[in-house]
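K.L.:
In terms of the UniProt record's numbering, the sequence shown is residues 1 to 323. Below are the structure tokens for one structure; questions will follow.
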Amino acid sequence: MIIVIESTWNVSDRLQRSIFGVSMGVTLEGVTIQRHLDHEIRNFIESYAREKKFEAENARIDSIWKGIPGINGIEVDIEKTLNKALSAKRNEDVQFQYRQWEPEVQLKDLGAVPIYRGNSQKQAMALMINVSWGTEWIENILEILEENNVKVTFFVAGDWVEKNHEMLLRIYFAGHEIGSHAYTHRNMSTLDKRELAWEMQKTDQIIQKTLPHITTRLFAPPSGDFNQQVVDVAHSLDKYTVLWTLDTIDWQRPAPSTIVNRIVPKAENGALVLMHPTEPTVEALKTMIPKLSEKGYKLLTVSELLSSQRNDIAIQSDTIGFP
Numbered sequence: 001m002i003i004v005i006e007s008t009w010n011v012s013d014r015l016q017r018s019i020f021g022v023s024m025g026v027t028l029e030g031v032t033i034q035r036h037l038d039h040e041i042r043n044f045i046e047s048y049a050r051e052k053k054f055e056a057e058n059a060r061i062d063s064i065w066k067g068i069p070g071i072n073g074i075e076v077d078i079e080k081t082l083n084k085a086l087s088a089k090r091n092e093d094v095q096f097q098y099r100q101w102e103p104e105v106q107l108k109d110l111g112a113v114p115i116y117r118g119n120s121q122k123q124a125m126a127l128m129i130n131v132s133w134g135t136e137w138i139e140n141i142l143e144i145l146e147e148n149n150v151k152v153t154f155f156v157a158g159d160w161v162e163k164n165h166e167m168l169l170r171i172y173f174a175g176h177e178i179g180s181h182a183y184t185h186r187n188m189s190t191l192d193k194r195e196l197a198w199e200m201q202k203t204d205q206i207i208q209k210t211l212p213h214i215t216t217r218l219f220a221p222p223s224g225d226f227n228q229q230v231v232d233v234a235h236s237l238d239k240y241t242v243l244w245t246l247d248t249i250d251w252q253r254p255a256p257s258t259i260v261n262r263i264v265p266k267a268e269n270g271a272l273v274l275m276h277p278t279e280p281t282v283e284a285l286k287t288m289i290p291k292l293s294e295k296g297y298k299l300l301t302v303s304e305l306l307s308s309q310r311n312d313i314a315i316q317s318d319t320i321g322f323p
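Structure (structure tokens):
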């Protein structure tokens with residue numbers, strides 16, 4: 001595909017294009033643009049851009065899924081793309097450049113609401129691994145994640161961290177996100193406000209003894225047990241209460257194939273997947289990650305999934321992080 005048929009160029013055209021046109025062999029995402037002029041390329045980019053603009057979607061409270069993150073608007077940055085094309089070197093394949101803008105209502109604006117999933121416009125999922133036991137399997141999990149270039153979120157219990165400082169460091173320096181899983185594994189709905197605050201703040205203090213610069217903003221209540229008071233206290237401490245969309249139920253230690261079949265056939269945009277460090281989980285990940293990738297899902301950390309940043313287009317723009 002080309003923008004203008006080269007055989008229609010006369011001698012004068014060819015001379016002008018050899019001086020002012022795009023370098024030989026240059027393509028714009030596979031479309032030949034060599035020797036084309038500024039206005040021709042601009043027209044092509046503008047035509048493409050009209051089909052690639054998506055408006056921002058505000059965060060909202062869903063009757064079932066509660067807090068749903070918003071998602072950025074996105075459009076082709078015509079001037080940046082044009083400049084890239086005009087300055088391209090011989091045989092270079094130029095990529096469209098994009099710009100994003102945030103929705104007016106962000107997740108942080110929804111107040112104290114639990115979160116069960118990301119935005120359904122994101123073809124991505126997040127693995128959340130709750131850790132208060134199973135230390136002996138974490139190294140194996142880290143190896144599999146590294147082999148597949150996947151980053152996840154580990155929600156760690158404070159009393160576990162006290163005994164496993166080195167493993168926490170290993171998790172963090174492997175590039176994974178750290179969330180809070182309370183200090184003990186008590187049912188949070190049975191605690192009063194003071195006890196809840198202690199559970200969360202004590203865990204933060206212990207994590208920061210090992211990782212002084214880390215502030216956990218994600219809280220996964222043990223056993224998924226919570227009530228509105230739990231969410232309110234977490235919110236007062238600048239934390240999001242995170243639950244899950246899909247549950248592996250791996251704490252029962254089923255066959256690895258059972259774990260895979262609980263997730264892969266039900267995979268969907270924005271899903272949060274609950275896991276624990278067990279032997280069958282290790283084996284299941286070896287199959288689950290490639291299968292999810294084959295279905296087109298990118299695996300992100302929880303914060304990345306809940307951010308409004310789009311991940312479905314190769315974006316060359318300023319990134320917008322988790323609110």
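In this text, a Cβ means the ideal position worked out from N, Cα and C, and glycines have one as well. Computed from a predicted structure; not experimentally measured.
Spell out a yes or no on whether the region 27-35 and the region 60-73 are touching, meaning 3 or more CB-CB pairs, one atom from each, closer than 8 Å.
P.N.:
Judged by Cβ distances under 8 Å, the region 27-35 makes no contact with the region 60-73, as fewer than three pairs qualify.
K.L.:
Compute the Euclidean distance between the alpha carbons of residue 21 and residue 305, then round it to the nearest angstrom.
P.N.:
Whole-angstrom Cα-Cα distance: 42 Å.
K.L.:
Look up residue 241 in the DSSP assignment and give the residues it is bridged to.
P.N.:
The partner list for residue 241 (beta bridge, DSSP) reads 219.
K.L.:
Which residues does DSSP list as the beta-bridge partners of residue 27?
P.N.:
Note: residue 27 sits in a beta bridge opposite 32 and 93.
K.L.:
Does DSSP classify residue 310 as helix, strand or coil?
P.N.:
Residue 310: coil per DSSP, three-state reduction.
K.L.:
Apart from the five residues on each side of it in sequence, which residues of its chain come closer than 8 Å, Cβ to Cβ, to residue 75?
P.N.:
Around residue 75: 49, 52, 53, 54, 98 and 99.
K.L.:
Using the Cα positions of residue 181 and residue 226, report the straight-line distance between them to the nearest angstrom.
P.N.:
So the two alpha carbons sit approximately 12 Å from each other.
K.L.:
Below 8 Å, can you find three or more Cβ-Cβ pairs linking the region 269-289 to the region 105-113?
P.N.:
As far as the Cβ criterion goes, the region 269-289 does not touch the region 105-113, which means the pair count is below three.
K.L.:
By the three-class DSSP mapping on this structure, what secondary structure does residue 20 have?
P.N.:
Correct three-state label for residue 20: helix.
K.L.:
What is the DSSP secondary structure of residue 85, reduced to helix, strand or coil?
P.N.:
If DSSP states are grouped into helix, strand and coil, residue 85 belongs with the helices.
K.L.:
Between which two residues does the alpha helix (DSSP H) carrying residue 160 extend?
P.N.:
Residue 160 -> alpha helix (DSSP H) spans 158-163.
K.L.:
Which residues mark the beginning and the end of the alpha helix (DSSP H) in which residue 63 is found?
P.N.:
Segment: none, residue 63 is in no alpha helix (DSSP H) and carries neither H nor E.
K.L.:
When the Cα of residue 228 is compared with those of 297, 242, 291 and 216, which residue comes out closest?
P.N.:
Nearest C-alpha to residue 228: 242.
K.L.:
By the DSSP assignment, the alpha helix (DSSP H) with residue 140 in it spans what residues?
P.N.:
Where residue 140 is concerned, the enclosing alpha helix (DSSP H) stretches over 138-147.
K.L.:
Can the beta-carbon of residue 66 be found closer than 7 Å to that of residue 114?
P.N.:
Yes, the Cβ-Cβ distance between residue 66 and residue 114 is below 7 Å.
K.L.:
Checking the sheet assignment: what are the DSSP bridge partners for residue 101?
P.N.:
DSSP lists 73 as partners of residue 101.
K.L.:
Looking at the unbroken alpha helix (DSSP H) that takes in residue 200, where does it start and where does it end?
P.N.:
193-210 is the span of the alpha helix (DSSP H), which, as asked, contains residue 200.
K.L.:
If you reduce the DSSP assignment to three classes, tell me which class residue 274 lands in.
P.N.:
It is a strand residue.
K.L.:
Measure from the alpha carbon of residue 266 to the alpha carbon of each residue in 252, 125, 42 and 153, then state which is nearest.
P.N.:
Here the closest residue by C-alpha is 125.
K.L.:
Should the region 81-89 be regarded as contacting the region 128-148, the criterion being three or more beta carbon pairs within less than 8 Å?
P.N.:
Verdict: no, contact absent.
K.L.:
Within its chain, find whatever has a CB closer than 8 Å to the CB of residue 311; leave out the 5 residues flanking it on each side and keep chain order.
P.N.:
Taken in chain order, the residues that qualify are 122, 123, 124, 298, 300 and 304.
K.L.:
Which class does residue 227 belong to by DSSP, given the choice of helix, strand or coil?
P.N.:
DSSP places residue 227 in coil when its eight states are reduced to three.
K.L.:
According to the neighbour-count rule (16 or more other Cβ atoms, all chains shown, within 10 Å of its Cβ), is residue 252 buried or exposed?
P.N.:
It is exposed - the Cβ of residue 252 has fewer than 16 other Cβ atoms within 10 Å.
K.L.:
Looking at C-alpha atoms only, which residue of 30, 210, 64 and 248 is the closest neighbour of residue 173?
P.N.:
Cα-wise, what sits closest to residue 173 is 210.
K.L.:
Can you list, in chain order, the residues of its chain whose CB lies under 6 Å from that of residue 326, leaving out five sequence neighbours each side?
P.N.:
In the structure as shown, the chain begins at 1 and stops at 323. Residue 326 is therefore absent and cannot be evaluated.
K.L.:
Helix, strand or coil for residue 37, going by three-state DSSP, please let me know.
P.N.:
Reduced to three states, the DSSP call for residue 37 is coil.
K.L.:
So, with DSSP's three-state summary, where would you put residue 284?
P.N.:
Note: residue 284 maps to helix in three-state DSSP.
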